[in-house]
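Take any residue in the sequence shown, note its place counting from 1, add 4, and you have its number in the numbering used here.
Where is the CB? At the ideal position from N, CA and C, for every residue including glycine.
Working notes, beginning with the structure itself.
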Amino acid sequence: MNLPIHDLFRPAVLGTLEVPNRFVASAVHLGGASAKGTLPPLLAARWEALAAGGAGTVIPGAAFVEPRGRFFPGQWNLGEDAREGDVQDLSRRIHRQGARLVVQLAHGGFLGHPELRDGRTWGPSEGTAPTSPLPVQALEERDLEDILDTFAASALRALRGGADGVQIHAAHGTLPMQFLSPRHNRRSDRFGGSPENRRLFLQSLVRRVREALGPTLPLWVKLSFREEVPGGYDEPEGIAAALCCLDAGADALELSSGSHYSLPPLRPTRVGIAAGSSEAPFAPFARELRRLRPHAPLILTGGLRSLEVMASLLQEGVCDAFGLGRPLLAEPDLVNRWREDDARPAACISCNACLKGSDEELRDCPVMRDKTEVFWGAQDLD
């Protein structure tokens, strides 16, 4: 079988966005933003380095849309007009490397470090946060309307700042995913109860952002197909949520699975992934969605390590592009290495050491630190 490896490096169209190749630097939290969420030049340079390293599309780590939605220290802020300049700097950097910038917008709901939450947090229903001992305060309907508006306003800031598109983060346990969950959404109003009602917040969110952007500007959604917790939602409901997003106006989906509060073997950043048989653990979800919506633009992320596996998935028609997270922390210039005919699999060993650093300092791969330090420093072009 002649695999279309070279097709991975050719331009493509994802929804309404033309991209230079099929490699996407998927959003990974690097830390480093200020206490107020301002974007320092060194953090922007890290994301620029991923574009310089060959990724055709860069999705920076999640930007929070309001203070209640911040779930990591060192996370950047797009919830106020003053932060539009941060996007301008970031878009200038990404574009001068010939890549596309898609800004990911997020609300953490009950996720988050206790120090960020002033002794409480918010979610679909009252209870205790699964990631901390904080009590969860149920969001009222007027709160939900405000959150929908903040997403729309943040999306417009991203576009005014020069971003090529925006992505709604509805994966890994963020607020839209919490509403999908029968375990965490025990509401009795129109946003809770049946699976259809539990999808309503996500559906409303996609529609509100689509209305703000207009009919043609790129709007992507990142979605977990399974919650991967006892009593959580499973694949059929995840597939239904994906179809709901497409029907509400999303023009591309990035597919993942699990949450930050799943047990470690079932979290999105799974350990023990190696090139070959253990790659692409979420590909079955993409196959099922492709069967139901043959022409929906799909980006598969999670556990991708080799050109052969990605080319095979592309040839099979499973997805249209490939999201890389941890492999690019280990090798920021991985796509360029592959393009230059060094087809060895990614050096990433899926140990998750890159995720254990301080949020106040920029994270990297400690296994490959000597190599990455040279590359990161060389890319600070300003």
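According to the DSSP assignment, Thr154 belongs to the alpha helix (DSSP H) that extends over Glu145 to Arg164. In chain order, Leu311 place their CB closer than 7 Å to the CB of Trp342, counting only its own chain and leaving out the 5 sequence neighbours on each side. When beta bridges are read from the DSSP output, Phe27 appears opposite Phe326. The bridge partners DSSP lists for Glu119 come to none. The criterion of a C-beta distance shorter than 8 Å is satisfied by Pro128 and His188. Cβ-Cβ distances below 8 Å link Val313 to Ala279, Gly280, Glu283 and Ala284 in the same chain, with the five nearest sequence neighbours on each side left out; the list follows chain order.
Note that the C-beta distance between Ala290 and Leu332 is not below 8 Å. DSSP lists Gln171 and Ala256 as the bridge partner or partners of Trp224.
Between Val225 and Ala254, the C-beta gap is smaller than 8 Å, which places the two residues in contact. Taking 8 Å as the cut-off, the beta carbon of Leu47 is found no closer than this to the beta carbon of Gly57. Per the Cβ contact rule, the region 161-181 is in contact with the region 87-95 (3 or more Cβ pairs under 8 Å). The region 226-246 and the region 291-300 touch, with no fewer than 3 CB-CB distances between them shorter than 8 Å. Taking a contact as a CB-CB distance under 8 Å, the pair Asn356 and Thr273 counts as one, their CB atoms being some 6 Å apart. By alpha-carbon distance to Glu200, the top candidate from Gly242, Ala167 and Ala216 is Gly242.
A direct Cα-to-Cα measurement between Gly112 and Pro44 gives close to 22 Å.
The C-beta separation of Glu215 from Thr154 comes to about 14 Å, leaving the pair out of contact by the 8 Å criterion. The C-alpha of Val28 is placed about 30 Å away from the C-alpha of Leu120. When secondary structure is reduced to three states using DSSP, Ser281 falls in the coil class, being assigned neither helix nor strand. Rounded to the nearest whole angstrom, the C-alpha separation of Val371 and Pro118 is 30 Å. Counting along the chain, Val17 sits inside the beta strand (DSSP E) bounded by residues Ala16 to Leu18.
Between the C-alpha atoms of Leu338 and Ser30 there is a straight-line separation of about 14 Å. Of the residues assessed, Asp324 falls on the buried side of the cut-off, its CB having 16 or more other CB atoms within 10 angstroms. Just measuring C-alpha positions, the residue of Ile303, Ile353, Arg367 and Cys358 sitting nearest Ala16 is Ile303. DSSP places Arg104 in no alpha helix (DSSP H) but in the uninterrupted beta strand (DSSP E) bounded by Arg104 to Ala110. Its Cα nearest to that of His299, the residue Leu250 stands out among Leu250, Ala167, Leu82 and Gly235. In the same chain as Pro301, and ignoring 5 residues on each side of it, the C-beta atoms closer than 6 Å to its own belong to Leu18, Gly19, Ala256 and Asp324, in chain order. Annotation: Ala59 is outside any beta strand (DSSP E) and is labelled neither H nor E by DSSP. Between Leu12 and Leu317, the gap from beta carbon to beta carbon reaches 8 Å or more. The beta carbon of Ile277 lies closer than 6 Å to those of Gly307 and Ser354 in the same chain, with the five residues before and after it left out. Within 10 angstroms of the beta-carbon of Val213 lie 16 or more other beta-carbons, which makes it buried. Taking each of Met181, Arg202, Pro180 and Leu179 in turn and checking the Cα distance to Arg190, the smallest one comes out for Arg202.
When the alpha-carbon of Ala175 is set against those of Leu82, Leu109 and Asp150, the nearest one is in Leu109. For Ile9, the secondary structure class from DSSP, reduced to helix, strand or coil, is helix.
Rounded to whole angstroms, the separation of the alpha carbons of Ala133 and Gln79 is 20 Å.
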